[in-house]
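Protein sequence lines, in the order shown, are assigned to chains A and B. Residue numbering for the first sequence follows numbering that gives the first Met the number 0, starting at 0 and increasing by one per position. Residue numbering for the second sequence follows numbering that gives the first Met the number 0, starting at 0 and increasing by one per position. Ideal placement from N, C-alpha and C gives every residue a C-beta, glycine not left out. To start, the structure itself, in structure tokens.
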Amino acid sequence: MAGVAASEHPPHPSPREGEGGRRRAFPPNWRARLAFAALALYALYAAQSLDFTWSRFVQGFDQGGRFLARMFPPNTAPDKLHLLVDGMMESLQIAVLATAVGIALSLPLGVAAARNLAPAPLAWSARALIVLFRSFHPVIVAILFVKAVGFGALAGVLALIVASLGFLSKLLAEALEEISMRQLEAVRATGAPFLSVLVFGVLPQVLPRHIGFCAYQLDSNLRNSALVGLVGGGGIGATLFTAFQRFDYDFVLTIVLAIIAVVMLGEMLSVCTRRLFQ
Amino acid sequence: MSAQPSPDAGSRGRKWQRFTPRERILRSAFYLVVVIALVWSLRTIEVIPEFLYDAPAQTVDLFARMWPIDWSW
């Protein structure tokens, strides 16, 4: 059969056909093999230069076990719980305020950054501002704000406002650039001023998506409000840091469990919000 | 066809409603929760006034210390 087929069709060697008509389904890729070998060699070199040794690993296991043993059972003494509740309330306040101010400011910034709604110079400068807000992690922004406005919740709120503003206005601008311009033209044709065009032509098209982003940002701010506390931004992060430095590992476990519970609650809340508005 | 109002009902008797009563209640409850959370946060958040008065001076100090970039690092 193979011979007949070969005589019927003109000889046309496929790229996968080797010499003598033998096919190799998976030809060896020597370049990839060399790259993987180099990667393995580099990993060995890096482990050696970072002092990654087996004995240290075993020792670490031992210490990790002791650390875990000191964490259990979680500390639920009344005075500790009082500290926990205070810190958690402050974290919630930070997250709520940062999200609210971030949403309020992201609306004009997002509209200014949308290239189909704003004139080009405004859109590009708004985009530059968004890039600036997004270029640093909230913790680094929090360090700057702690220096500027001192220790405490205000620095955390300001840092998370910057983070929320970057995230929300970028996503809003991208949602705005995808809207259908027909509804806009219809509203414009009635002689509506720009604000009415925004409210009746643009907002209905992006609002459900934006509410989803805002719910996600609240969730994210809840998590990050624990983080900014580590560098002096107030909230539960400050409590966690103090407990860790005092070797109160059992209280550390209580705080960690509480943070997990609050983050899960926030996630549930954000899912409910999204379902309500979509 | 049956969804259309009978011709004698007239346009004055029709009332269009976008959301079901359940949706309206849930949305109002959501807005209420948002307002309560905001007011509670604004009223109880701890801001240390001394740090706030000092903020402009500290910010100026921060940028003054930043300025001549130390390339030698």
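With a cut-off of 8 Å on Cβ pairs, the region 90–103 of chain A is in contact with the region 155–163 of chain A, counting three or more such pairs.
In its chain, beyond the 5 residues on either side, L229 have a beta carbon closer than 6 Å to the beta carbon of F240 of chain A.
Residues are counted here when their Cβ sits less than 9 Å from a Cβ of chain B; for the region 81–112 of chain A these are M88, E89, L91, Q92, I93, A94, V95, L96 and A99, given in chain order. In the DSSP secondary-structure assignment, R65 of chain A is not bridged to any residue. Within chain A, the C-beta atoms nearer than 7 Å to that of S40 of chain B come from Q92, V95 and L96, in chain order.
Residue contact check for G151 of chain A against chain B: a CB pair falls below 8 Å. The region 193–208 of chain A makes no contact with the region 132–139 of chain A, as fewer than three CB pairs between them are under 8 Å.
According to the DSSP assignment, H81 of chain A belongs to the alpha helix (DSSP H) that extends over P77 to A112. Per DSSP, reduced to three states, the secondary structure at R22 of chain A is strand. No Cβ of chain B is located within less than 8 Å of the beta carbon of V198 of chain A. Excluding its 5 nearest sequence neighbours in each direction, Q277 of chain A has C-beta neighbours in its own chain below 6 Å: P207, listed in chain order. T58 of chain B sits in a helix when the DSSP states are folded into three classes. Its chain contains T98, G101, S163, F166 and L167 as the residues whose beta carbon lies nearer than 7 Å to that of Q216 of chain A, once the 5 sequence neighbours on both sides are disregarded; these appear in chain order. Annotated as proximal: G155 of chain A and G234 of chain A, with beta-carbon spacing under 8 Å. The way I'd put it, the region 64–80 of chain A doesn't touch the region 15–25 of chain B; fewer than three beta-carbon pairs between them come closer than 8 Å. For the region 54–68 of chain B, the residues whose beta carbon sits under 7 Å from a beta carbon of chain A are, in order, A54, Q57, T58 and L61. Chain-order list of chain A residues neighbouring T43 of chain B: M88 and Q92, by C-beta distance under 8 Å.
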